[in-house]
Amino acid sequence: MGGKCFFFAGGGTGGHIYPAIAVAEQIIKLEPDAKVHLFVSTRSIDARILTQTGFEYTPLPAEGFSVRPGKLIGFCTSFLKSHRIAKRAIAESKNAVVIGAGGFVAAPVCFAAHKLKVPVELLNVDIVPGRANKIIARWADEIFVQFEDTAEYFAKTKAGVNVVGCPLRSGFDNPEPDICYEQLGLDGNKKTLLITGASSGSENINRAVCSLLEKLADFAGDWQIAHLTGAGNYEEVRQMYAGTKIGHKVLDYFDDMPSLLSAADLVVGRSGAVSVAEYAAASVPSICMPYPYHKDRHQYLNADKLVEAGAAVTVDDLPERKETAQWLWAELQELMKDERKRQQMVEACKTIANKGAAYKIAEKVLSF
9 MGGKCFFFAG
19 GGTGGHIYPA
29 IAVAEQIIKL
39 EPDAKVHLFV
49 STRSIDARIL
59 TQTGFEYTPL
69 PAEGFSVRPG
79 KLIGFCTSFL
89 KSHRIAKRAI
99 AESKNAVVIG
109 AGGFVAAPVC
119 FAAHKLKVPV
129 ELLNVDIVPG
139 RANKIIARWA
149 DEIFVQFEDT
159 AEYFAKTKAG
169 VNVVGCPLRS
179 GFDNPEPDIC
189 YEQLGLDGNK
199 KTLLITGASS
209 GSENINRAVC
219 SLLEKLADFA
229 GDWQIAHLTG
239 AGNYEEVRQM
249 YAGTKIGHKV
259 LDYFDDMPSL
269 LSAADLVVGR
279 SGAVSVAEYA
289 AASVPSICMP
299 YPYHKDRHQY
309 LNADKLVEAG
319 AAVTVDDLPE
329 RKETAQWLWA
339 ELQELMKDER
349 KRQQMVEACK
359 TIANKGAAYK
369 IAEKVLSF
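Heads up: take any position in the sequence shown, counting from 1, add 8, and you land on the numbering used here.
If you want it as structure tokens, here you go:
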């Protein structure tokens, strides 16, 4: 295999795959002869995202860690299988670099690289590192983080820690909102409310928004909705929109998020590390509804970065759905009515947006 080969490892959610794609795009831009290959999970979202990119990829049978006896055996078995597959591929390349992008897929690949004495780079975009990244950090030569707060978690590692921001796909440099409007059949004369639960969707966000459709009809003259449901909830949400008076487009997934976010005037969504970086890069005001079930509550910490800058407000995803919907409606109607407030949030986004991280990381890994 000629030229340097960059193996990326991570998957299971867009939050692991999109940063890897962003860095891979810049590597090829800077070094067209470089080879890129991604090791991902067997989840359908991985293939759906990657088939749009042209990058080669290998699904690995890796599973998430669990202390339950039955699942622990499955984890160990899948780890060893994934390790062997990755080790064989990496060993065949005479000039390899491995870049972990987080999640249960990354660990066996990075461990294989460590055993082969191949350079290991690590992307960590969450404020609080996940379990896999804490382990991989022991083998890493360099760790790239989005937030200053994250550096302390890697203080005891031998790796260099670089605060560079979140790697974003090249589409954020040149979004095409007008083409996006045309593709989705949206009205260019109306403002757009975007609802998204990230790449896999969010049942709780879907139901909260759908419970407000009758009230949202009051904005039908000036607003429309683009709603990304996630594959598992598309049909249910589509039926809930039947007969609603406000213009809408319901989709299970949309690949060109740079253009769709740039076309939006307000977004309601989760606050994963990639999502908050994308909201800022697209200069779109946001109502963040952090995923409430992580032990470290890192999506709340991510959202706080936008809130502190004045670019977002937060609504809790509460156990009582009615309370969640009431809180969401209070924030929605205020922001949909107040164009001046939204414009202030747009300007706040511009103060914290960071679109250069992928290029900086690519430059660094090309030097190994």
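Cβ atoms here follow ideal geometry from the backbone N, Cα and C, with glycine treated the same way.
Between which two residues does the alpha helix (DSSP H) carrying Gln191 extend?
-> Pro185 to Leu192
Quickly, what does DSSP pair Pro67 with across the bridge? List them, please.
-> Val48
Would you say the beta carbon of Ala290 comes nearer than 7 Å to a heavy atom of the ligand COA?
-> No copy of the ligand COA appears in this structure; indeed no ligand is present at all.
Taking Asp304 as the reference, which of Gly11, Gln34, Asp134 and Lys12 has the closest Cα?
-> Asp134
Whole angstroms is fine: what's the gap from Thr85's alpha carbon to Gly110's?
-> Their Cα atoms are separated by approximately 20 Å.
If I'm right that Ala311 touches Pro175 with Cβ under 8 Å, what's the distance once you round it to whole angstroms?
-> The C-beta distance from Ala311 to Pro175 rounds to 20 Å, too long to fall under 8 Å, and the pair is not in contact.
First and last residue of the uninterrupted alpha helix (DSSP H) at Cys296 | Here Cys296 belongs to no alpha helix (DSSP H); instead the beta strand (DSSP E) covers Ser294 to Cys296.
If Ser207 and Thr50 are in contact, beta carbons under 8 Å, what's the gap, nearest whole angstrom?
-> The Cβ separation is near 15 Å, so there is no contact.
Taking C-alpha atoms, which residue in Asp41, His24 and Tyr26 lies nearest to Phe14?
-> Asp41
Does DSSP classify Gly238 as helix, strand or coil?
-> Three-state result, Gly238: coil.
Per DSSP, the bridge partner or partners of Phe15 | His45 and Val106
From Phe119, Leu130 and Asp260, pick the residue whose C-alpha is nearest to that of Ala370; which is it?
-> Leu130
Cβ of Ala163 within 8 Å of Cβ of Val171?
-> Between Ala163 and Val171, the CB-CB gap reaches or exceeds 8 Å.
May I have the straight-line CA-CA distance separating Ile25 from Val275, to the nearest angstrom?
-> 22 Å
Under a three-way DSSP split, which group does Glu6 fall into?
-> Residue coverage of the chain in this structure runs from 9 to 376, which leaves residue 6 outside it and unanswerable.
So what's Thr165 in DSSP terms, helix, strand or just coil?
-> coil
For the putative contact between Val136 and Leu309, defined by C-beta atoms under 8 Å, what is the C-beta separation to the nearest angstrom?
-> 7 Å
Pair within 8 Å by beta-carbon distance, Ala228 and Ile203 | no
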